[in-house]
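Written below as structure tokens is the structure these notes are about.
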Amino acid sequence: MPLIDYQDVVFRLQQGLGQAFADKPWILNLPGKSVACKVDQYYYVAVMPAFIDKLSSWANVEPEVAVESLVRTGNFITKAPDRDPVVSLGLTWDGRVCEMESAFVDADFIDRALRFYGGLETVLNVSELRIASASRESVEDFFEGKTPPQALAYG
Numbered sequence: 105m106p107l108i109d110y111q112d113v114v115f116r117l118q119q120g121l122g123q124a125f126a127d128k129p130w131i132l133n134l135p136g137k138s139v140a141c142k143v144d145q146y147y148y149v150a151v152m153p154a155f156i157d158k159l160s161s162w163a164n165v166e167p168e169v170a171v172e173s174l175v176r177t178g179n180f181i182t183k184a185p186d187r188d189p190v191v192s193l194g195l196t197w198d199g200r201v202c203e204m205e206s207a208f209v210d211a212d213f214i215d216r217a218l219r220f221y222g223g224l225e226t227v228l229n230v231s232e233l234r235i236a237s238a239s240r241e242s243v244e245d246f247f248e249g250k251t252p253p254q255a256l257a258y259g
């Protein structure tokens, strides 16, 4: 089995995401419709497995390879020792709270994709999506030893 070139896969993922965003800008930052929304300057919250399914199809890579590449390059936030990026979160928008399987994506990964391949001149603003306050303790535990989402990410 050949070794995976993680940087090449990340390049392809960013290229696919940027091109998909150029065609369909609603794929990001619209709570309830998008596969990922920016919650602060550092992170997007991605709906799983929809985010990885779409991202891997746009980049023409296997979903497992996409996940492994994002984990190994630090673009998916994980908690040691299992390095699983998926966490159950309460997410809130428009006055409702939904419990969803989610992943935290480094904002730089998505912002670069949009600037280089999606035609944006600036990064996206923070969306209306918030992490439910009841999930804050579990999020802070998940981020142990890392920079957690800022206070504005919660609502």
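In terms of this note's numbering, the sequence shown is residues 105 to 259. Each residue gets a CB set at the ideal place from its N, CA and C atoms; glycine is no exception. Because the structure is a prediction, the values reported are computed rather than measured.
Quick check: the Cα distance between residue i and residue j, rounded to an integer number of angstroms?
{"i": "F246", "j": "R187", "result": "11 Å"}
{"i": "L193", "j": "E225", "result": "31 Å"}
{"i": "D210", "j": "R216", "result": "10 Å"}
{"i": "V230", "j": "P135", "result": "11 Å"}
{"i": "D157", "j": "W130", "result": "16 Å"}
{"i": "D144", "j": "K250", "result": "15 Å"}
{"i": "Q119", "j": "A238", "result": "36 Å"}
{"i": "L228", "j": "V175", "result": "23 Å"}
{"i": "L107", "j": "G259", "result": "42 Å"}
{"i": "P153", "j": "V191", "result": "11 Å"}
{"i": "Y146", "j": "G178", "result": "13 Å"}
{"i": "V243", "j": "Q254", "result": "11 Å"}
{"i": "V201", "j": "P185", "result": "30 Å"}
{"i": "G223", "j": "M204", "result": "30 Å"}
{"i": "V169", "j": "K137", "result": "25 Å"}
{"i": "F115", "j": "V151", "result": "21 Å"}
Determine which residues share a DSSP beta bridge with residue i and list them.
{"i": "F208", "result": "V149"}
{"i": "S192", "result": "E205"}
{"i": "R234", "result": "T196"}
{"i": "A140", "result": "L132, A150"}
{"i": "K183", "result": "D188"}
Output yes or no for whether 8 Å exceeds the beta carbon distance between residue i and residue j.
{"i": "L218", "j": "W162", "result": "no"}
{"i": "V91", "j": "S206", "result": "Residue 91 lies beyond the stretch modelled for the chain, which goes from 105 to 259, so this question has no answer here."}
{"i": "A140", "j": "L132", "result": "yes"}
{"i": "V171", "j": "P189", "result": "yes"}
{"i": "L256", "j": "W197", "result": "no"}
{"i": "L159", "j": "L117", "result": "yes"}
{"i": "D181", "j": "F208", "result": "With the sequence shown as reference, residue 181 is identified as Ile, and Asp is not the correct amino acid for it. Closer than 8 Å, so yes."}
My guess is that residue i and residue j are in contact by the Cβ rule of under 8 Å, so how many angstroms apart are they, rounded?
{"i": "V149", "j": "I214", "result": "Not really, about 11 Å apart at Cβ, beyond 8 Å."}
{"i": "Q123", "j": "Y221", "result": "6 Å"}
{"i": "K183", "j": "E248", "result": "7 Å"}
Quick check on residue i - is its C-beta less than 8 Å from some C-beta in chain B?
{"i": "A124", "result": "Any reference to chain B falls outside this structure, which holds one protein chain only."}
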